[in-house]
């Protein structure tokens, strides 16, 4: 039987019509459930992450986890398409598309909450039409 739905977070405006991404750390890594999504906050799109340590019954407060706006002008629409993965060793990888720099970025850390450092590009930045991104950011 399904449990009663639980609201993880609410936002007044979604940044893009992205589907939230969810991962569950495998047994041996605290069995944490994590969800990431994009939403507008402070005048720009951002990637947020929330954690549950009790199979989704309760959730942490959303935490902004992307770091893509430093030094960029006109940084209103900057992130899209987050994706999460976790492994049995408790390692977490979050990826997203950086609409300003036009590249995929990744940030790694621990399921328990600590990040290893800033994000890094996964694909070359600045391409006029990056692979697998269609016409986003080519206005």
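Residue numbers (the working numbering): 2 to 140.
Note that beta-carbon positions come from the ideal geometry of N, C-alpha and C, so glycine has one too.
Beta-carbon separation (whole angstroms), residue i vs residue j, contact threshold 8 Å
| i | j | result |
| --- | --- | --- |
| residue 112 | residue 87 | 5 Å |
| residue 118 | residue 102 | In fact, because the Cβ distance is near 17 Å, the residues do not count as touching under 8 Å. |
Spatial distance of residue i from residue j (CA atoms)
| i | j | result |
| --- | --- | --- |
| residue 107 | residue 123 | 6 Å |
| residue 26 | residue 43 | 31 Å |
| residue 58 | residue 125 | 40 Å |
| residue 89 | residue 32 | 9 Å |
| residue 9 | residue 61 | 8 Å |
| residue 92 | residue 4 | 28 Å |
| residue 46 | residue 105 | 15 Å |
| residue 41 | residue 11 | 11 Å |
Cβ-Cβ distance between residue i and residue j below 8 Å
| i | j | result |
| --- | --- | --- |
| residue 141 | residue 39 | Because the chain in this structure spans residues 2 to 140, residue 141 falls outside the shown range and cannot be described. |
| residue 100 | residue 85 | no |
| residue 34 | residue 56 | yes |
| residue 97 | residue 67 | yes |
| residue 37 | residue 6 | no |
Residues bridged to residue i (per DSSP)
| i | result |
| --- | --- |
| residue 112 | In DSSP, residue 112 forms no bridge with anything. |
| residue 1 | The structure shown does not extend to residue 1, since the chain is modelled only from 2 through 140, so no value can be given for it. |
Legend entry - Segments assigned beta strand (DSSP E), at least 3 residues, entirely inside the segment 25-66: Within the segment 25-66, the complete beta strand (DSSP E) runs of at least 3 residues are 34-42, 45-53.
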